[in-house]
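Residue numbers (the working numbering), protein chains in the order written: chain A, 69 to 447; chain B, 2 to 245.
First the structure, in the form of structure tokens, and then the observations on it.
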């Protein structure tokens, strides 16, 4: 009996459960509950099932190199996805445009099993920073390629996408504008504020206290309160409307996200600046640098990794929170999520939720790599 | 001193508001338009608050037990081989937006309190697990050696040394989880869970700022109070362990 790699046994259990459960839901239309269809009922299904099962079970012994594990996990992910697309084009009778084929528990468990296998293999591979970037780019390119190939066009989520292609593009732009715009504003305001409380110690308590309290206001309420507050500002402060202040649309959501982003930016600026060793500062002063030069050429560059860590926190948080903008008419992927919840059309919910998750995931991983890069550069 | 008085005052004000919301109507009247009601009366605010707190407490308790058990499993014996993977999953899991998790739980569990509980549980698992892991794995080497020298069995060591030492960090994880859950639970009302989000959403739908404000204030004060209580417990736990 060969030695087993325990995580692989867990993945195999999850994956085999996925193979046993229905791969897709076949529904007469987009609202009604459907019936599950297993992998075995599809053309070539039994063979694919055998292959996936073998890949899961054979991965259990501990003797495989990480590269082989990675390759088999990626192949498993691709196979599960292609079978989903195949089921969607094969199951509905010809000419029936109402029937929907949605991914079901079996598909999600397979994705989970092979996704965990990818994460485990990458962990064991210990790739260099450059290689990690290549892997991330490869994963994004692969996903984009499969989506663009049209192989998944029959799947319910893609059908929802097809009927609102233009709207999706606009909401995606709005979502990105909300997440990145609020991040930019928070950096513009938060870094100077962080520098200010670094230099004036007695402002620290009050500033961080207020920002902490802002953070405890539930997002739903903060978004909601921005509407009347900004509407009042736009109506009473001269010139505010011309400057773009408005109580409706995207603006209130942008301000709410900005307020949530301030605490991480300000507190990390402070932590990064405070973390610079005193001898380094003194050496810079001894070289005859002015206060401003010390800040710009010594302190801020050394605080960069901690600042980037704040950018990661804020960006991931805002990509998620921007969904709530959909509730107050601020646009973004949340529009689809809440519309879908309202119509109990889960395919529409997925159309909003999946891109949000993908965006947060890619942004999180990319910024982690960036932080690691600057850490190494600073050390 | 003021750090103790302010939360106490906020708590008293909250209690008074929940017991007799009607007497606070004049405070909220300026935020309404066209003679709209100033206080949400569809459901009693007290029962919504209790239901909100119950959902959060249940979710936090469940994620604490599960997170702690998982952290214990991956820091000893054969479980150690899961440790790198568990760290990766925790890091990746925390990038999942809570709203998306909530929305994705609906097709599996249907509308109501169920999906909210599951989303809060899953999302709360991560901070607790991360902190419990940090508490259990970063213990000073002399402590481990002393425990072995005293002849403690692994089980005794877990209960008498490792867990008490990890308690302050575990409490910090629970605090994070509780505060996040409290805010996220309001979004649960979009999938028909009985939480204070109901008041906020009613306000959004009827453009009644007073409703939005009172829902937000109640949740905000609760969050500040809970944050405060956990922090006090953390300080006490650290003192008892002689960490301060």
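Note that the Cβ used here is the ideal one computed from N, Cα and C, for glycine as well.
This one's a predicted model, so the numbers in the text were calculated from it and none came from an experiment.
- Annotation: residue 105 of chain A is outside any alpha helix (DSSP H); the continuous beta strand (DSSP E) that includes it extends over 103-105.
- Runs of the beta strand (DSSP E) lying entirely within the segment 272-329 of chain A, each at least 3 residues long, are absent.
- Counting along the chain, the unbroken beta strand (DSSP E) around residue 170 of chain A starts and ends at 168-171.
- Taken through DSSP and simplified to helix, strand or coil, residue 85 of chain B comes out as helix.
- It is roughly 20 Å from the alpha-carbon of residue 367 of chain A to the alpha-carbon of residue 271 of chain A.
- Collapsing the DSSP output to three states places residue 382 of chain A in a helix.
- For the segment 407-440 of chain A, the set of positions with a beta-carbon nearer than 7 Å to some beta-carbon of chain B reads 409, 414, 417, 421, 424, 425, 428, 429, 432 in chain order.
- Inter-residue distance for residue 401 of chain A and residue 236 of chain A is about 8 Å (C-alpha atoms, whole angstroms).
- For the pair residue 155 of chain A and residue 223 of chain B, the Cα-to-Cα distance works out to about 49 Å.
- Closer than 8 Å to the CB of residue 53 of chain B there is not a single CB belonging to chain A.
- Taking the CA atoms as reference points, residue 276 of chain A sits about 7 Å from residue 335 of chain A.
- Residue range 92-95 is occupied by the beta strand (DSSP E) that includes residue 92 of chain A.
- A direct Cα-to-Cα measurement between residue 308 of chain A and residue 297 of chain A gives close to 13 Å.
- Annotation: residue 39 of chain B to residue 211 of chain B spans about 6 Å, alpha carbon to alpha carbon.
- Around the Cβ of residue 228 of chain B, a 10 Å sphere holds 16 or more other Cβ atoms; the residue is buried.
- The beta carbons of residue 204 of chain A and residue 434 of chain A sit about 6 Å from each other, so the pair counts as a contact at 8 Å.
- Following the DSSP letters along the chain, one finds residue 243 of chain A inside the alpha helix (DSSP H) bounded by residues 233-267.
- The beta carbon of residue 230 of chain B does not come within 8 Å of any beta carbon belonging to chain A, so the residue lies off that interface.
- Closer than 8 Å to the CB of residue 83 of chain B there is at least one CB belonging to chain A.
- In terms of Cβ geometry, residue 193 of chain A and residue 105 of chain A do not form a close pair [threshold 8 Å].
- In the structure shown, residue 417 of chain A falls within a helical segment according to DSSP collapsed to helix, strand and coil.
- For residue 187 of chain B, the enclosing alpha helix (DSSP H) stretches over residues 164-188.
- Chain B has no Cβ within less than 8 Å of the Cβ of residue 196 of chain A.
- Excluding residues up to 5 positions away in sequence, 116, 119, 120 lie with their Cβ nearer than 8 Å to the Cβ of residue 147 of chain A in the same chain.
- Residue 305 of chain A has its alpha-carbon roughly 15 Å from the corresponding atom of residue 295 of chain A.
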